[in-house]
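Trainee: This structure is in structure tokens; I'll ask about it shortly.
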Amino acid sequence: MTNSRMEVDIPSTSGANILHPVVPTMNEEILSAVRRESPQDASSFHNCNFRVLSQFVSITDVNFKERSFSVFTELSLAPLHPELRQISLNVGPDVILPNEFPESVTGRVTVNDEDVEYIRKDPLKILGHKAEQSLHRLSHDMYDELEDSEGELLINVPESCYVLMDEQKVIKIGIDIKVVNPKHGIHFVSSFSDDGTLESGAHMYTYRSSILSSTRHWLPCMDTPDQLCLWRIEVTVGLMFTVVASGELFDTEYTADLQEKIYHYQLLVPTSAINIGFAIGCFTPIVHPDMPEITSFALPSLYPLVKHTTSTIDRVFEYFEELLSCRFPFSSYKQVFVYQVPDEVTAYTGLSILSLTLLYHKKILDVVQMTRQCLAYAVAQQFFGCFVTATCWLDIWLVSSLARSVTGMFVERFFGFSENLFQINKMLNCVSDYETRWGKIILRPSNTNYKQYLHFDARNPYTCSPLYADALFKKGHIVMRMLNQRLGKESFLQVIQKVLSVAMQASQLQKEPAHWQHMTVSTESFFRTVSSVTGQELPTFLEQWIHNGGHAKFWVQYSFNRKRNMIELEVKQEPSTNRGRQSYVGPLIVVVQELDGSFTHTIQIDSNHSKHDLQCHSKGRRQKKKKIPLSTGEELEIDLANMDPDSPVLWIRVDPDLLLLRKVNIQQPVYQWEYMLKYERDVLAQLQALDILQRFPSPHARAILIETIETEAFFYRVRCRAAYILAEVVNKLPETWLGPPALMILFKKFFGCKSAPHIPKPNNFVATSANLQLYFLMHAIPQALARLRSSSNSALAEVHQFLIGLIKYNDNTVNRYSDDHYRASLINSLAATLVPAESRDITNMSPLSLSTEMKELLSEFTLALNMDTLKPSFGRIIGITALQAIYHAILQMQRTFHIPLDPKVFWSFAQPNIYVPMRLAALTFLIDMVYRHKLPSFVSEVINRLIDLCINDNEPVVRYYVASQLSLKPPLCIILGADDDITWKSLSYDVAIKLWAQISDTKTEPRLRGHYIDLWFTIYGNNVPIILKSADEDLEEKPAPRNVHITNIRNGTDDLLNSWSWHGTIIDVDEPDSPTEKLTNEMNDDTLQ
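Quick note: the sequence shown uses our numbering, first residue 18, plus one each step.
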């Protein structure tokens, strides 16, 4: 490795303690200041008896075969109280302390170089002692124990140090530990040849096995966000390895025997232990040509991919530094691409550990946007999360939301306003869906009067559900955007610039730890900054969106009163119908597009049912065409023939700028939705209009949808979505059109050869805006076409032949880009043509009785899967799609009794050492089988193997994925089983015993435990399940209602289609979730015209 490129201008002082010059000298004045700033917030395990000033870490004996390494660490502490006789630190269950070492190995725990007594205390030990299998009790007990715990390692201060402690002088604690075969926070990726030698490509790295931090699982430390200190890290490794760690590499040297190399890193920006990470492996460094401070690391064979993927990262830095008026807070930035990591982005101080699956080569178009956004998010987390940290877990939402907000601004700047709005809307749907299913998300719960309303306690990172945390950060992003719009972009940026500038000043005061608290931010201090910078107090905003949870749900309908020239608007809310809603009180913006222009009205919502009169500024006219000014300022000539001649209203929008966390259901005539789709420039309005038009098919709607797909001015996601909606609309209309379907004509027009339109042109993708739009349309139209059905609900024969033709005549020989994703979308299209046959010939149920079309499709899918195994496509995308198509086909055939459901095919692709995305895809289908299948005997075998995978699999990404998917798609046969069914009882009992054993095991990873608790709650509810109660208890208590949320299962795996594609545009229309909404959804044309 060429170390000169990463060195800093510090004289080489290998062997000397580089931190000594900057370790703060603690006089009485500074100590009293440090004492004053110690937080009194019980929301994290705050240990307020001392402050860590610096920490030295030495990692040695890295052994890939035994998956182990040794650590020596020395912490410099400043006592904050006299008479401190015991020091508590955090250590995880994977850490082996000296008194647990084998006899041949020695180690010490010292205070000022004097051996001391110490004990390990596990706060979660109580879990194993609880006999009662009730989540309600468990969450209370876990939270109480964790809050009372000051740390897992208790060190007794020796008598010789009492004087130093009483005088509050700095003391040093030295600890030797070993980590062997860790399950938390550290992952080894390695393979060995037959003779036992380590193959090249081995690497290891840190990751987060809990939501907040996993540093304690390999290093004794104060593992809380507010304990900032200075760091020096020394790692000794074999000559083939490179070490990348948080901080600045200031020296590398060889050991005396020249067999190993020592890497010396130092970090002179005060940093919390939660943000310290490292990676060791056979990495090649790639220094960015335009910005040498940025270095990327990956295995040597990935050099060209990394070079291409990271070529634009310098623009991200330039954009953020200009936007935030703040230089990058660390002297260098390193990004390491590793395999099998559970999160695509894991940010540590000055270091991002990224997933290999983000890499792409220069021939790939489809994943470019997603990867660039992930890399930008990693850089944003360096500013908010690593440099500016939260004071405690309850404020983590704030730094995460700020990082997401500036990433959103990056998306808007580089990918467009419409793309950012589309993503915000997607996030809003995720948050409202989570709240509807599980309960309210409160961004900053108060400690004093907290009332538990979920099946876990969200106030602690070790008891909080990972699904909740993900939704919490998304909600935080939306709330930050609401704040941005309320304050104005300029004022909002001034606030975050102020937060950064205060932190920047504090970070340069290495000798004054009392000032380091200014590098942490809490919800309270952030909103104090908001009011001091902008002069605005926001008590209602805080109360409504930050200290309380839930989202608003509005049902809006109106009528036009011609005599008064008024719109009579009615707004209803029904918060009582489910637990995720809130009764919104406050202003609501309504935008009315009239003949004479767009007019904005602000109405005041003060109850769950309110009526409002809005004055119209135009009169109804009986003109056929007229130039109409839109909200964007442009004037368009609009054909008014379909309009109600008495009403001047073209369409109405409620809260168009997403100023509220809400769902809106508007009732207005179909012609107004059609006008909205054609002439409103807002992407969300167009997508909303598309979803409504799907329910009201008409020849006119069909014509408008075709026009939408053809018109280049529309955002590409709207055009793709319109193709799917057109297929739905045509399916509902009577067959009055002769000739080929409109979508097929459109495809031939855009992509067919001029001389023979049924043969597609040779592929020639170009990375320009207009061509990329057509490229994604080229993916969407065949998939929409495949969803067309005849009156007997079978796929159209001509569509089947056309799609087979597209695959057969696909020519990529002259194309500079890969067509892997396009071929995958064609396989997806063929899968979508499959429908279960209506006639069931029970006497002849062998696979030989399959129709010719079905045989042709299956051979096409199998060929694609086999070819992808021999010559893999990019990211195995074709293999994954073919496997999905085969699963879809098996489901359809199982319905017609042709073929029994056999999980063996999918298990063979879910084995270890298979490419991770392919494994996850196969596991997705196995989880889906368990979700759908009714036979307990079948479910029992698969669910037990899946749970064993969560417990024993070596790859953390697989463990977390399977557990999270099971909690979202639990086995319905257990939930809905009959009490008198013995096989059901046996299955339900076995799963309950297995799950509870994992939940109550103190060594279970916190993230996994969170998923297990979600799954338990979904299947068995909050109290002790009936299946585990004795017969007497069973009679006493009625079963409590459980959280059964059955996803709408449409045609086979339609809910899985497009789940692998970033640009997939199938957005599920909201399912009716209340009687009122159901009524609204059942309105027919008569009520709307």
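Just so you know, even glycine gets a beta-carbon here, dropped at the ideal spot from N, CA and C.
1. What span of residues does the beta strand (DSSP E) with Arg679 cover, start to end?
2. For Arg1112, which beta-bridge partners are listed by DSSP?
3. Only counting the same chain, and skipping five residues up and downstream in sequence, which positions put a Cβ closer than 6 Å to that of Gln150?
4. Below 8 Å on the Cβ atoms is my guess for Pro483 versus Ala475; work out the distance and round it to an integer in Å.
5. Using DSSP with H/G/I as helix, E/B as strand and the rest coil, what is Asp360?
6. Would you call Gln352 buried or exposed, if buried means 16 or more other Cβ atoms sit within 10 Å of its Cβ?
7. Roughly how many angstroms lie between the CA atoms of Leu874 and Phe616, to the nearest whole one?
8. Cα separation between Leu1 and Pro665?
9. Look at the alpha carbon of Gln502 and the alpha carbon of Gly425, and state the distance between them as a whole number of angstroms.
10. How about Phe942 and Tyr904: do their beta carbons lie closer than 7 Å?
11. In terms of residue numbering, what span does the alpha helix (DSSP H) encompassing Lys695 cover?
12. Can you tell me the Cα-Cα spacing of Val538 and Lys379, whole angstroms?
13. Thinking just about the alpha-carbon of each residue, which of Thr850, Pro934, Ala881, Gly769 is nearest to the one in Ala906?
14. Using 7 Å as the threshold, is the C-beta distance between Glu585 and Asp630 below it?
15. Applying the 10 Å Cβ sphere with the 16-neighbour rule, what's the burial state of Leu1074?
16. With C-beta atoms as the reference, is Gly456 less than 7 Å away from Tyr470?
17. Can you give the Cα-Cα distance for Val112 and Lys82, rounded to whole angstroms?
18. Check the DSSP bridge columns for Met583 and list the partner residues they point to.
19. Look at Val550 and Val609 and say whether their C-beta atoms are less than 7 Å apart.
20. Hey, Gly367 and Ser227: beta-carbon distance below 7 Å or not?
21. Rounded to whole angstroms, what's the CA-CA distance from Val128 to Leu285? Just pull it up for me.
22. Counting beta carbon pairs with one atom in the stretch 718-725 and one in the stretch 745-764, are three or more of them shorter than 8 Å?
23. By alpha-carbon positions, which one of Ile897, Leu517, Ser868 ends up nearest to Ala881?
24. Given that a residue counts as buried once 16 or more other Cβ atoms are within 10 Å of its Cβ, and exposed if not, what is Gly552?
25. Does the contact criterion of 3 or more C-beta pairs under 8 Å hold for the stretch 286-293 versus the stretch 242-261?
26. Exposed or buried, which one is Pro199 when buried takes at least 16 other CB atoms within 10 Å?
27. Closer than 6 Å by C-beta to Ser29: which residues in its own chain qualify, once you throw out the five before and the five after it? Chain order, please.
28. Hey, quick one: how far does the beta strand (DSSP E) through Met221 stretch, first residue to last?
29. Leaving out the 5 sequence neighbours to the left and right, which residues in its chain are closer than 6 Å to Leu373 when beta-carbon positions are compared?
30. Excluding the 5 residues flanking Pro622 on each side, which residues of the same chain have their C-beta closer than 7 Å to its C-beta?
31. At the level of alpha carbons, what is the spacing between Gly505 and Arg498?
32. Kindly indicate the opening and closing residues of the alpha helix (DSSP H) around Asp383.
33. Where Ile381 and Ile413 are concerned, what is the direct C-alpha to C-alpha distance, given to the nearest angstrom?
34. Can you tell me the Cα-Cα spacing of Phe401 and Ile655, whole angstroms?
35. DSSP three-state label for Glu507, please.
36. Considering only their Cβ atoms, is the gap separating Phe427 from Gln1111 smaller than 7 Å?
Mentor: Based on what the coordinates show:
1. For Arg679, the enclosing beta strand (DSSP E) starts and ends at 679-684.
2. Here the chain comprises residues numbered 18 to 1106, so residue 1112 is not present and cannot be evaluated.
3. In its chain, beyond the 5 residues on either side, Trp1013, Val1041, Leu1045 have a beta carbon closer than 6 Å to the beta carbon of Gln150.
4. With 8 Å as the limit, Pro483 and Ala475 do not qualify as a contact, their Cβ atoms being about 11 Å apart.
5. In the three-state DSSP reduction, Asp360 falls in the coil class, being neither helix nor strand.
6. Classification of Gln352: buried, given that the 10 Å Cβ count is 16 or more.
7. Between the alpha carbons of Leu874 and Phe616 lies a distance of about 54 Å.
8. Summary: the structure shown does not reach residue 1, with the chain confined to residues 18 through 1106, and so no result is reported for it.
9. When the Cα atoms are used, Gln502 and Gly425 turn out to be separated by approximately 13 Å.
10. In contact: Phe942 and Tyr904 (Cβ atoms closer than 7 Å).
11. Counting along the chain, the alpha helix (DSSP H) containing Lys695 begins and ends at 687-696.
12. Taking the straight line joining both Cα atoms gives about 41 Å.
13. For the set Thr850, Pro934, Ala881, Gly769, the Cα lying nearest the Cα of Ala906 is the one of Thr850.
14. A contact, by the Cβ cut-off of 7 Å.
15. For Leu1074, the pLDDT reaches just 44, beneath the cut-off of 50, and the residue's location in the model is therefore unreliable, although a value from the coordinates is still provided. Looking at its Cβ environment, which holds 16 or more other Cβ atoms inside 10 Å, Leu1074 is buried.
16. For Gly456 and Tyr470, yes; Cβs fall inside 7 Å.
17. Their Cα atoms are separated by approximately 18 Å.
18. BP columns for Met583 point to Asn578, Gln632.
19. Contact annotation: Val550 and Val609 have beta-carbon atoms that are not nearer than 7 Å.
20. Contact flag unset, no.
21. Taking the CA atoms as reference points, Val128 sits about 24 Å from Leu285.
22. With the cut-off at 8 Å, the stretch 745-764 and the stretch 718-725 touch.
23. Looking only at Ile897, Leu517, Ser868, the smallest Cα-Cα distance to Ala881 is reached by Ile897.
24. So Gly552 ends up on the exposed side.
25. In this structure the stretch 286-293 touches the stretch 242-261; the number of beta carbon pairs closer than 8 Å is three or more.
26. Buried, since its Cβ has 16 or more Cβ neighbours within 10 Å.
27. Because the pLDDT of Ser29 is 35, which lies under 50, any placement of that residue in the model is unreliable, and the number read from its coordinates should be weighed accordingly. Hits under 6 Å: Asp268.
28. 220-223 is the extent of the beta strand (DSSP E) around Met221.
29. Within the same chain, Leu373 has close Cβ partners Phe354, Tyr356.
30. As written in the sequence, residue 622 is Ile, which differs from the Pro given in the question. Val588, Tyr601, Val602, Gly603, Leu605.
31. Straight-line Cα distance between these residues: approximately 10 Å.
32. Segment: none, Asp383 is in no alpha helix (DSSP H) and carries neither H nor E.
33. For Ile381 and Ile413, the distance between alpha carbons rounds to 36 Å.
34. Between Phe401 and Ile655, the C-alpha separation is close to 48 Å.
35. The DSSP-derived three-state label of Glu507 is helix.
36. What the structure shows of the chain is the stretch from 18 to 1106, and residue 1111 is not part of that stretch, so it cannot be assessed.
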